[in-house]
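Below: the structure, in structure tokens.
Protein chains in written order, with this note's numbering: chain A, 2 to 721; chain B, 127 to 284.
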């Protein structure tokens with residue numbers, strides 16, 4: 002009776018406290034019955050929402066974030082296992098299913114910048130949880146997995162350890178304080194008694210849940226701060242992992258889609274006959290903004306789609322181009338910000354960056370089966386709960402009529418975040434037309450490049466004032482295309498700062514792209530501070546560091562990267578180094594790029610060094626991999642990335658005209674971490690913002706040519 | 127039309143239009159989904175397999191052109207339950223991130239190393255032109271050189 006009461010309490014806890022406290026493990030094993038705790042939870046040895054210990058002495062950790070290759074599932078498991086004193090070789094992970102109980106309230110807290118709640122008892126944060134449920138958020142984005150959810154994982158691990166210690170003390174007949182946990186065992190040294198977690202699990206599960214479990218002193222970590230191989234890698238080298246696009250069902254049909262090329266456009270007419278006459282074609286589905294061909298194989302659907310000649314309207318945007326959008330930005334920016342009259346010298350500069358596509362290597366794909374009042378959805382998403390809402394909205398269902406299974410993502414970078422589920426929406430409507438047959442919609446690369454939620458194009462008009470000694474008095478910018486406090490922040494002691502957003506709306510659909518607004522403003526602000534340094538006749542590194550008295554973490558990162566890169570050392574003619582620093586998502590990243598520019602203007606980025614202060618590092622190797630990847634991702638955009646608008650639509654269509662860098666253009670990347678002990682920062686995104694300005698600053702050092710518009714390839718770097 | 131294919135040492139007879147790209151026959155007809163669709167214009171390399179030992183991109187390769195030729199996909203790269211040395215190096219150096227491009231990357235690299243056991247950086251740059259959006263190139267290069275050095279070592283000790 003007592004057991005049931007406790008589980009009932011824990012069941013209530015799952016509603017109140019969300020997926021990060023206790024008891025929702027019961028939900029995990031009974032999908033569709035959320036809020037109801039399974040009665041066999043204790044027999045299964047489930048200790049907390051996130052942790053299961055089985056009699057074979059394996060610890061299974063339920064991770065409420067998807068894996069996009071950032072390694073956060075492994076990192077989160079490391080955080081729980083560390084506190085639990087589990088033996089790493091006996092830890093497994095599972096991804097949490099798409100249920101309300103797992104809505105990650107912590108993510109909202111990290112977004113709003115509130116401090117983390119104190120341990121368990123107070124971690125039941127009703128307000129935040131209700132907010133998370135309201136948003137339907139179970140998202141992986143904002144570089145938040147480890148720094149947000151990680152805290153909950155630590156609490157869960159620590160609570161589990163204390164319950165295991167209590168169980169051991171009962172079994173050994175000794176006080177709990179005399180027992181110690183290590184490597185998935187509890188031992189009592191004075192009596193040399195020892196038991197495995199697996200042996201203790203059943204009794205431990207019935208122990209009271211500690212309200213305030215002690216967390217480990219970081220200096221005693223044995224799992225964190227080391228390099229652990231990621232769980233997700235082995236099945237990624239033999240073709241074994243199933244991504245959203247790989248999903249299949251018996252009797253499944255395949256859909257290919259053509260979408261109105263101008264965003265907001267509508268399908269005016271299409272003659273389905275040519276497609277219907279082709280082999281294997283089941284149906285031509287006309288939607289408001291698209292036409293789909295459904296066939297018995299994807300290739301047949303795709304080929305039949307190519308036989309159609311759909312006509313669309315342009316929603317009145319047919320005369321919009323990149324040129325017209327930037328002309329509107331230019332007009333909206335007006336005059337450069339006014340600078341103080343006492344300035345000895347005023348510097349002004351305009352910067353422009355284009356729209357960018359995410360271009361995940363896995364094209365958007367989603368499988369849906371609509372049967373009567375129920376629908377099932379299979380897709381790779383960064384937020385299964387919001388994706389489920391998108392399907393519900395498309396079908397005019399309630400969310401509890403839909404079961405969504407999240408599959409491995411072939412890249413995210415922000416493309417599969419909330420409110421970006423057009424592929425789920427389209428798949429649901431097509432499947433509804435074909436009900437009850439399951440339908441898999443696979444986007445072509447052309448669909449993907451032309452129907453993204455793009456990184457916003459942006460323009461920024463900077464002005465800065467120097468006094469007679471070359472010290473900055475004031476800096477300011479008018480900017481169009483978005484900006485916020487974090488992205489505009491400069492760690493420099495410049496007393497007078499004047500930033501002003503200007504609006505020049507357009508119809509191009511926008512979204513979050515790896516590092517979000519920092520990808521534009523990192524380039525703008527770190528280019529301009531470099532221009533000010535050169536105007537003052539100063540070394541760009543020394544100029545920056547002299548202004549960092551109030552920001553010692555920034556100065557330490559800048560000093561570290563300068564040392565790593567051998568800043569100031571001699572270089573051959575035509576080569577140069579550039580430095581840049583930016584904080585985003587709680588992490589400070591300083592980079593030095595080393596470039597070589599041939600007399601004919603051929604650019605080669607030889608090395609990028611990065612010094613990263615993300616507070617502390619959980620998994621050292623995957624942390625470095627995230628920064629390496631961020632550097633390459635940002636560099637690809639800086640060198641060759643651009644989405645162009647013409648006649649209201651996206652001009653580029655595939656990797657032929659929307660180019661990406663490859664092995665030959667990828668520099669050597671060296672990463673070092675600074676363990677400042679500050680709050681954990683993210684790692685998926687912060688590697689991106691400094692790389693573009695580091696490279697353009699290096700080009701200036703090498704050639705005297707200042708690149709103010711991206712991508713760099715549009716500028717002639719040759720010297721006569 | 128019935129076409130006979132030899133994939134990973136097994137013979138299959140498939141009934142598809144002759145212009146169907148090999149990629150879609152592998153994925154949708156034979157269920158070998160380790161080979162990935164990335165672009166459909168042979169630009170990204172996600173669909174790379176071995177055709178008679180050479181790396182080929184299958185998204186534009188008509189199935190009728192490969193009838194009877196030995197095809198190896200990522201699923202057939204391991205031999206006797208033992209990972210290919212490139213696959214093992216990919217684990218040792220923690221190369222994949224999202225992993226979607228890595229089947230093609232591994233097939234391209236293993237074909238290169240079969241022909242040139244110790245490729246220079248220039249040869250790697252010229253041959254491995256697959257796109258990886260996560261930006262794993264730094265580790266791809268490191269892993270290739272590690273395999274090359276390991277191979278040389280084995281030869282020296284042989």
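Note that CB positions come from ideal geometry on N, CA and C, so glycine has one too. Bear in mind the structure is a predicted one, so any value in this text is a computation, not a measurement.
Tell me whether residue i sits in a helix, a strand or coil according to DSSP, three-state version.
i	result
residue 614 of chain A	strand
residue 270 of chain A	strand
residue 216 of chain A	coil
residue 165 of chain A	helix
residue 267 of chain B	helix
residue 635 of chain A	helix
residue 107 of chain A	Its pLDDT being 38, under 50, residue 107 of chain A is placed unreliably in this model, and the value from its coordinates should be taken loosely. The answer is helix: DSSP assigns residue 107 of chain A an H, G or I state.
residue 226 of chain A	coil
residue 582 of chain A	strand
residue 184 of chain B	coil
residue 71 of chain A	coil
residue 368 of chain A	strand
residue 441 of chain A	strand
residue 462 of chain A	strand
residue 63 of chain A	strand
residue 159 of chain B	coil
residue 273 of chain B	helix
residue 289 of chain A	coil
Could you round the C-beta distance between residue i and residue j to whole angstroms and report it? I think they count as a contact, below 8 Å.
i	j	result
residue 688 of chain A	residue 631 of chain A	2 Å
residue 558 of chain A	residue 582 of chain A	6 Å
residue 683 of chain A	residue 586 of chain A	4 Å
residue 226 of chain B	residue 661 of chain A	With 8 Å as the limit, residue 226 of chain B and residue 661 of chain A do not qualify as a contact, their Cβ atoms being about 14 Å apart.
residue 289 of chain A	residue 268 of chain A	7 Å
residue 238 of chain A	residue 220 of chain B	That belief does not hold up - the Cβ atoms of residue 238 of chain A and residue 220 of chain B are roughly 11 Å apart, past 8 Å.
residue 81 of chain A	residue 158 of chain A	4 Å
Taking the continuous alpha helix (DSSP H) assigned at residue i, which residues delimit it?
i	result
residue 394 of chain A	385-396
residue 489 of chain A	486-489
residue 139 of chain B	Per DSSP, residue 139 of chain B belongs to no alpha helix (DSSP H); it is in the beta strand (DSSP E), 136-141.
residue 659 of chain A	No alpha helix (DSSP H) contains residue 659 of chain A, which DSSP labels as neither H nor E.
residue 532 of chain A	519-536
residue 455 of chain A	First-last for residue 455 of chain A: undefined, no H or E at that position.
Roughly how many angstroms separate the alpha carbons of residue i and residue j, rounded to a whole number?
i	j	result
residue 527 of chain A	residue 133 of chain B	53 Å
residue 380 of chain A	residue 715 of chain A	37 Å
residue 332 of chain A	residue 650 of chain A	22 Å
residue 143 of chain B	residue 127 of chain B	6 Å
residue 182 of chain B	residue 508 of chain A	41 Å
residue 24 of chain A	residue 565 of chain A	Confidence at residue 24 of chain A is low in this model, with a pLDDT of 29, below 50, so its placement is unreliable and the value that follows should be read with caution. Taking the straight line from one Cα to the other gives about 48 Å.
residue 248 of chain B	residue 601 of chain A	20 Å
residue 76 of chain A	residue 620 of chain A	6 Å
residue 638 of chain A	residue 87 of chain A	42 Å
residue 553 of chain A	residue 591 of chain A	13 Å
residue 407 of chain A	residue 384 of chain A	9 Å
residue 195 of chain B	residue 177 of chain B	7 Å
residue 476 of chain A	residue 685 of chain A	30 Å
residue 312 of chain A	residue 417 of chain A	28 Å
residue 193 of chain A	residue 170 of chain A	13 Å
residue 409 of chain A	residue 94 of chain A	14 Å
residue 540 of chain A	residue 702 of chain A	10 Å
residue 270 of chain B	residue 235 of chain B	7 Å
residue 202 of chain B	residue 252 of chain A	27 Å
residue 284 of chain A	residue 254 of chain A	10 Å
Starting from residue i and walking both ways along the beta strand (DSSP E), at which residues does that stretch end?
i	result
residue 346 of chain A	346-354
residue 177 of chain B	174-177
residue 589 of chain A	588-598
With a threshold of 8 Å, are at least 3 pairs of Cβ atoms found where one atom belongs to the stretch 236-247 of chain A and the other to the stretch 191-208 of chain A? Contact annotation: the stretch 236-247 of chain A does not touch the stretch 191-208 of chain A, with fewer than three C-beta pairs closer than 8 Å.
Do the stretch 329-345 of chain A and the stretch 459-469 of chain A meet, that is, are 3 or more Cβ pairs less than 8 Å apart? By the Cβ test, the stretch 329-345 of chain A is in contact with the stretch 459-469 of chain A, since at least three Cβ pairs between them sit closer than 8 Å.
Measuring CB atoms only, is the stretch 392-400 of chain A touching the stretch 422-439 of chain A, in the sense that at least three cross pairs come out at less than 8 Å? Touching, per the Cβ criterion.
Taking three-plus beta-carbon pairs below 8 Å as touching, is the stretch 456-465 of chain A in contact with the stretch 659-673 of chain A? No, they do not touch.
Three or more C-beta pairs closer than 8 Å, one from the stretch 434-452 of chain A and one from the stretch 355-372 of chain A: is that the case here? By the C-beta criterion, the stretch 434-452 of chain A is judged to be in contact with the stretch 355-372 of chain A, since at least 3 inter-stretch pairs fall below 8 Å.
Between the stretch 298-311 of chain A and the stretch 255-262 of chain A, do three or more beta carbon pairs fall short of 8 Å? Because the criterion of three Cβ pairs below 8 Å is met, the stretch 298-311 of chain A and the stretch 255-262 of chain A touch.
Touch check for the stretch 178-194 of chain B and the stretch 204-222 of chain A: three-plus C-beta pairs under 8 Å? Contact between the stretch 178-194 of chain B and the stretch 204-222 of chain A is absent: fewer than 3 CB-CB pairs across the two stretches fall below 8 Å.
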